[in-house]
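Numbering (mature numbering (1 follows the signal peptide of the UniProt record, and there is no 0)), first residue to last: -32 to -1, 1 to 224. Yeah, the Cβ is synthetic: ideal placement off N, Cα and C, and Gly gets one too. Presented below is the structure to which this report refers.
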């Protein structure tokens, strides 16, 4: 009598056996769960429709679904450096815009009629409001080194840039003045003022109120006399100096 040889199952047969076994367990449970459900039109139990379906060759050979997410992740990672760089650049731009807006707002808070912020972050402000009555250049047989902006006595005068007050008080020809030394060594001079609002050694910011317009010293009427001195002491044209820093002086009106 020959020995009974155990039949070895191939991969597909093994899957089929597993499917049948799983169905034998699942069907009683499913029957119990759907016992209260309506039956099909042909009288068969709805649960009977849950019989396992054998996989076809094409279904068995279907690529693993995990390959698509891996490719997607690889694609995202391939673009990630560019995206991060763009995001970083956008963040820097947004930060700079916010910083410039904050500086501009702070400088204008005390009433300066014009504020400019350079690409390096330096802030400049127009020194007062009024009407331009005299520019720098030859006048009455001599040289006039400043801008004269006329307005009423007591009109606020503002620092044109950040700096330290080096003079505040009487000055020959100017009556009273304020002088501010700026980080680059240059000086701004505010003459014929009625009253100084700052003391020597005080740190000021562009747009800070530093004095009130007056008519002191050798003056023909209430006005501010503004001069700009370079670090070596030479006198500069204040209108050109202001314009090159983004400040329009045409708002002071016409001469005379």
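Under the three-state reduction of DSSP, residue 88 is assigned to coil, being neither helix nor strand.
Shown here, residue 118 sits in a strand according to DSSP, grouped into three states. Taking residue 214 as reference, the option from 82, 113, 115 and 111 with the minimal CA-CA separation is 82. When the alpha-carbon of residue 201 is set against those of 68, 147 and 62, the nearest one is in 147.
DSSP places residue 155 in the strand class (E or B) of the three-state scheme. Secondary structure of residue 108 (DSSP, three-state): coil. Contact annotation, residue 143 with residue 114: C-beta distance approximately 14 Å; criterion of less than 8 Å not satisfied. A distance below 8 Å separates the beta carbons of residue 179 and residue 165. Per DSSP, residue 217 lies in no beta strand (DSSP E) segment and is marked neither H nor E. Contact holds between the stretch 120 to 134 and the stretch 166 to 176, because three or more Cβ pairs, one in each stretch, are under 8 Å apart.
Residue range 131 to 139 is occupied by the beta strand (DSSP E) that includes residue 131. For residue 79, there is no enclosing beta strand (DSSP E), since its DSSP letter is neither H nor E.
Bounds of the beta strand (DSSP E) holding residue 146 are 143 to 149.
The residues 92, 213 and 214, in chain order, have a CB closer than 8 Å to that of residue 86 in the same chain once the five nearest residues on each side in sequence are set aside. When secondary structure is reduced to three states using DSSP, residue 103 falls in the coil class, being assigned neither helix nor strand. Annotation for residue 193: the continuous beta strand (DSSP E) segment containing it runs 191 to 197.
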